[in-house]
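Protein chains: 2
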Amino acid sequence: MDHAAPQSPAGLRTTPSWLLNQAAAHAGRLISAGFAAHDLRGYHYRLLAALTESGPASQADLGRRCGIDRSDVVAAVNDLAGRGFVVRAPDPADRRRNVISLTDAGADEARRMTDTVARVQDDLLAPLSSAERDELTRLLTRLLEHHSRG
Amino acid sequence: MDHAAPQSPAGLRTTPSWLLNQAAAHAGRLISAGFAAHDLRGYHYRLLAALTESGPASQADLGRRCGIDRSDVVAAVNDLAGRGFVVRAPDPADRRRNVISLTDAGADEARRMTDTVARVQDDLLAPLSSAERDELTRLLTRLLEHHSRG
DNA sequence: TTCGGAACGTTGGCCTAACCAACGTTGGCG
DNA sequence: CGCCAACGTTGGTTAGGCCAACGTTCCGAA
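As you go down the protein sequences, you meet chains D and L in turn. Everything in the first sequence is counted per the numbering used here, starting at 1 for the first residue and increasing by one. Everything in the second sequence is counted per the numbering used here, starting at 1001 for the first residue and increasing by one.
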């Protein structure tokens, strides 16, 4: 936390990709700090959120849903299973797959992390009015939609 | 370039910190791709931009200006000096320091990279109108300003 | 004037997020 | 049946950022 105001070259300071990078980096620091209390990280939260929303799924499905690589899902699920937030069971209908399901403790943790995330958003967006927050969300969503449709 | 539309959990899809992260990741991919043609990376461009704007500086100064760690500046300056884009000379007025100066070739390369960056911005912001681009820039700038003042 | 702390460049490390290749297993389809 | 695709898993690599330590050099306060 040096906040030594990295006053990058002026040319960069007005470059959207640079601004995005810096803003995302800052958001990431806030998120990390928030998640540290849970001793979990972004990966874990994304998986818990996906499971909360859509119920049990295979690891490959989870990876696709969360934009996480198959191989990274393995490690994250290991962690979550080790803490009892998730159960990994072979899929009887397709023995290639594991079915990952949320436990009660996992559902609780997901709720707590969601609260943490909400608090971080408030912190992150503090300088913006409610309308501006919506506008920012809208613009970013448009950007991502455009770039995710081949 | 899979653009397999990472359709993250809906809860995440509207979370600003997540959107920022995703948008920045995409911008980063575009920037990296653009810089690959120069066989240089973000670090190098930032340094060249700072030197172009403010003239010769010590490595520590450059690091502070660009938000790059001292130790990372060393490696980046090594690269740039090895390609003749930059000259590293001891500061006669303070023998602890090196003065880094742009060569003519370095100034040229900086211009070319600036062009590349501009092209990437257009690509990145394609779905947004000019007014929307300004609005996005404004919002992100406000965010960063707020969070960089202790 | 000396002495202690601060800044400098440098080395060497460590961590996170992301991605990729390969392998053996399993499923499904021609 | 035979082949290809999907699955989970292991074991990498990369870029980016950060930190600790060291010897050198500078400077200000005793």
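In this text, a Cβ means the ideal position worked out from N, Cα and C, and glycines have one as well. This structure is a prediction, so every number in the text was calculated from the model and none was measured.
Can you tell which of the options has its C-alpha closest to the C-alpha of residue i?
i         : options                                    : result
Phe85/D   : Thr137/D, Arg70/D, Arg112/D, Arg95/D       : Arg112/D
Pro1090/L : Gln1059/L, Arg1065/L, Ala1075/L            : Gln1059/L
Arg96/D   : Thr137/D, Phe35/D, Asp61/D, Asp123/D       : Asp61/D
Ser129/D  : Arg1133/L, Pro1092/L, Leu1143/L            : Leu1143/L
Arg159/D  : Val74/D, Ser54/D, Ala75/D                  : This structure cannot settle anything about residue 159/D, because the visible part of chain D is limited to 1 through 150.
Arg133/D  : Glu1132/L, Arg1133/L, Leu1139/L, Ala1131/L : Leu1139/L
Val87/D   : Asp94/D, Val74/D, Ala93/D                  : Val74/D
Gly1067/L : Gly67/D, Arg13/D, Ile68/D                  : Arg13/D
What does the Cβ neighbour count give for residue i, buried or exposed, with the cut at 16 atoms within 10 Å?
i         : result
Gly63/D   : buried
Gly82/D   : exposed
Ala105/D  : exposed
Asn21/D   : buried
Ser17/D   : buried
Arg1119/L : exposed
Met1001/L : In this predicted model, Met1001/L has a pLDDT of only 38, less than 50, meaning its place in the structure is not dependable; the value taken from the coordinates is given anyway. So Met1001/L counts as exposed.
Arg46/D   : buried
Pro9/D    : buried
Ala1024/L : buried
Arg1070/L : exposed
His1003/L : A caution first: His1003/L carries a pLDDT of 37, below 50, which makes its placement in the model unreliable, though a value can still be read off. So His1003/L counts as exposed.
Ala131/D  : exposed
Pro6/D    : Confidence is the limiting factor: at Pro6/D the pLDDT is only 45, short of 50, which leaves the residue's position unreliable and the question unanswerable from this model.
Would a C-beta distance cut-off of 8 Å place residue i and residue j closer than the cut-off?
i         : j         : result
Pro1127/L : Val1099/L : no
Glu1145/L : Glu135/D  : no
Leu19/D   : Thr1141/L : yes
Ala1107/L : Ala1049/L : no
Gly1011/L : Thr15/D   : no
Leu1102/L : Leu1051/L : yes
Ile1026/L : His26/D   : It is worth fixing the name first, because residue 1026/L is His in this sequence and not Ile. Not a contact, by the Cβ cut-off of 8 Å.
Leu1030/L : Asp1122/L : no
Verify the contact flag: residue i, CB atom, against every heavy atom of the ligand COA, threshold strictly below 7 Å.
i        : result
Ile100/D : The ligand COA is not among the ligands present in this structure, which contains no ligands whatsoever.
Segments of 4+ residues assigned as alpha helix (DSSP H) that fall wholly inside the region 15 to 71 of chain D
16 to 36, 42 to 54, 59 to 66
Run through the region 1081 to 1142 of chain L for me and flag every whole beta strand (DSSP E) of 3 or more residues, listed as ranges in chain order.
1086 to 1090, 1098 to 1102
Does the pairing of the region 73 to 82 of chain D with the region 34 to 51 of chain D give three or more beta-carbon distances under 8 Å?
yes
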